[in-house]
Amino acid sequence: MTEETPFRILLVEDNEDHAELIMEILEDASARVDVRRCCDGEAALAHLAGARQDPAAHLPDLVLLDLDMPRMDGFQTLSAIKSDPRMRRIPVVILTTSRARQDVARALDGHANSYVCKTADFSALEALLAEVRRYWTRANLRPGPILGDAVGA
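Spelled out as structure tokens, the structure:
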């Protein structure tokens, strides 16, 4: 991320209250962050497909993905993202209320890059999301533009 280029996050979250709170926390940062939201997996995949088709659009630098959503759940969405050669390198962080071991294992087996549990405590959630944002915007190295880039090409 450069000073001119914001770090792009796609938040996939069906709960309106959770989404508003998460977006407020992520956008209230010193780093330039552009957060877009989709309310379910189908909408997220449509958004990502549009970014792949339009050269002026940009794929996100990070996807924050809830698991429990209508129409297409987070596991199905994760599978679709990670099975597409043009999107599989986009980091996907599961951001959910589930602490079930089988959900953690299934997400990581599906190539999620991280699994983070939401908390009802605002201060704790704010600190947690600040750490997530800090890691992905500052510490993690990214491959650069991947639009139209296929593995092995």
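For the sequence shown, position 116 (counting from the first letter as 1) is numbered 98 according to my numbering, and the numbering increases by one without interruption.
A virtual CB, placed ideally from N, CA and C, is assigned to each residue, including glycine.
(1) Just verifying my parser: in three-state terms, what is the DSSP assignment at T101?
(2) From S65, L110, T79, pick the residue whose C-alpha is nearest to that of D91; which is it?
(3) Could you give the C-beta distance for S80 and L49, rounded to a whole number, given that I count them as a contact under 8 Å?
(4) Cutting at 8 Å between CB atoms, please list the residues of its own chain near A1, excluding the five before and the five after it.
(5) Starting from I76, follow the beta strand (DSSP E) in both directions and report where the run begins and ends.
(6) Would you tell me roughly how many angstroms separate the C-alpha atoms of I(-9) and T119, rounded to the nearest one?
(7) Mark T(-13) as exposed unless 16 or more other C-beta atoms lie within 10 angstroms of its C-beta, in which case mark it buried.
(8) Give, in chain order, every unbroken run of the alpha helix (DSSP H) that is at least 4 residues long and sits entirely within the segment 36 to 66.
(9) Cutting at 6 Å between CB atoms, please list the residues of its own chain near A62, excluding the five before and the five after it.
(10) Since I believe A94 is in contact with L123 (beta carbons under 8 Å), could you give me their beta-carbon distance rounded to a whole number of angstroms?
(11) Let me check one thing: in DSSP terms, what residues is R19 bridge-paired to?
(12) Since E24 and V17 should fall inside the 8 Å C-beta cutoff, what is the C-beta to C-beta distance between them, to a whole number of angstroms?
(13) Which same chain residues, not among the five before or five after M5, have their C-beta less than 6 Å away from its C-beta?
So, from the listed chains and residues:
(1) coil
(2) S65
(3) 6 Å
(4) L(-7), E(-5), R19, C21
(5) 74 to 78
(6) 10 Å
(7) exposed
(8) 56 to 65
(9) L27
(10) Actually they are not in contact, since the Cβ atoms of L123 and A94 sit about 19 Å apart, beyond 8 Å.
(11) L(-7)
(12) That belief does not hold up - the Cβ atoms of E24 and V17 are roughly 19 Å apart, past 8 Å.
(13) V17
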